[in-house]
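In this note's numbering, the protein residues as written are 506 to 643.
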């Protein structure tokens with residue numbers, strides 16, 4: 506037989522307040538993630554979109570398409586001619602390698618042919634990576 510003990514009113518209020526705070530935090534995180542993805546999309550269009558494509562129907566252009574970049578081996582798409590340096594790079598793109606590459610591509614893959622000055626602001630990089638992650642399944 507299960508016995509339920511009554512919970513005093515002050516404790517119930519604390520539990521309710523805790524649940525309310527948790528729900529508010531989750532909603533704030535969701536809103537922040539959506540804002541970061543939107544900021545990442547705007548940054549992609551402004552900084553990356555001249556050379557790269559992403560999304561449904563993306564194909565290589567002046568640079569490789571970036572659909573499914575997370576978990577992909579460097580230099581692995583079939584519709585782009587990579588530099589020998591990128592073809593020989595022994596790395597898989599993840600948050601850390603992409604972040605470092607976006608900051609300074611030559612420090613990650615010396616001799617690659619991407620001519621890009623880099624992005625030094627980690628928050629912008631994080632937003633860009635959230636956007637790219639949202640395009641992972643295209």
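Cβ coordinates follow ideal geometry from the N, Cα and C atoms, glycine included.
Nonlocal neighbours in the same chain, by C-beta distance under 7 Å from residue i, ignoring five residues either side
i           : result
residue 528 : Bear in mind that the predicted position of residue 528 carries a pLDDT of just 49, short of 50, making it unreliable; the figure below should be weighed with that in mind. Closer than 7 Å at Cβ, skipping near neighbours: no residue.
residue 641 : 573, 575
residue 556 : 566, 567, 568
residue 589 : none
Other residues of its chain near residue i: CB distance less than 8 Å, five sequence neighbours each side excluded
i           : result
residue 610 : 617, 619, 621, 623
residue 599 : 575, 576
residue 535 : Residue placement at residue 535 is flagged as unreliable, the pLDDT there being 49, under the threshold of 50; the coordinate-derived value follows with that caveat. Contacts found: none.
residue 637 : 545, 549, 559, 571, 574, 575, 603
Residue i vs residue j beta-carbon contact at 7 Å
i           : j           : result
residue 545 : residue 603 : no
residue 566 : residue 572 : no
residue 594 : residue 614 : yes
residue 585 : residue 561 : no
Identity of the residues DSSP links to residue i by a beta bridge
i           : result
residue 578 : 597
When the options are compared against residue i, the one with the closest alpha-carbon
i           : options            : result
residue 625 : 608, 557, 558      : 608
residue 578 : 557, 596, 543, 542 : 596
residue 627 : 588, 589, 601      : 601
Same chain only: Cβ atoms within 6 Å of residue i, ignoring 5 sequence neighbours per side
i           : result
residue 630 : 604, 607, 624
residue 542 : 635, 636, 639
residue 592 : 580
residue 553 : none
residue 582 : 569
residue 643 : 560, 561, 572
Near the ligand COA: residue i beta-carbon under 6 Å from a heavy atom
i           : result
residue 548 : Ligands are entirely absent from the displayed structure, and the ligand COA is therefore not among its contents.
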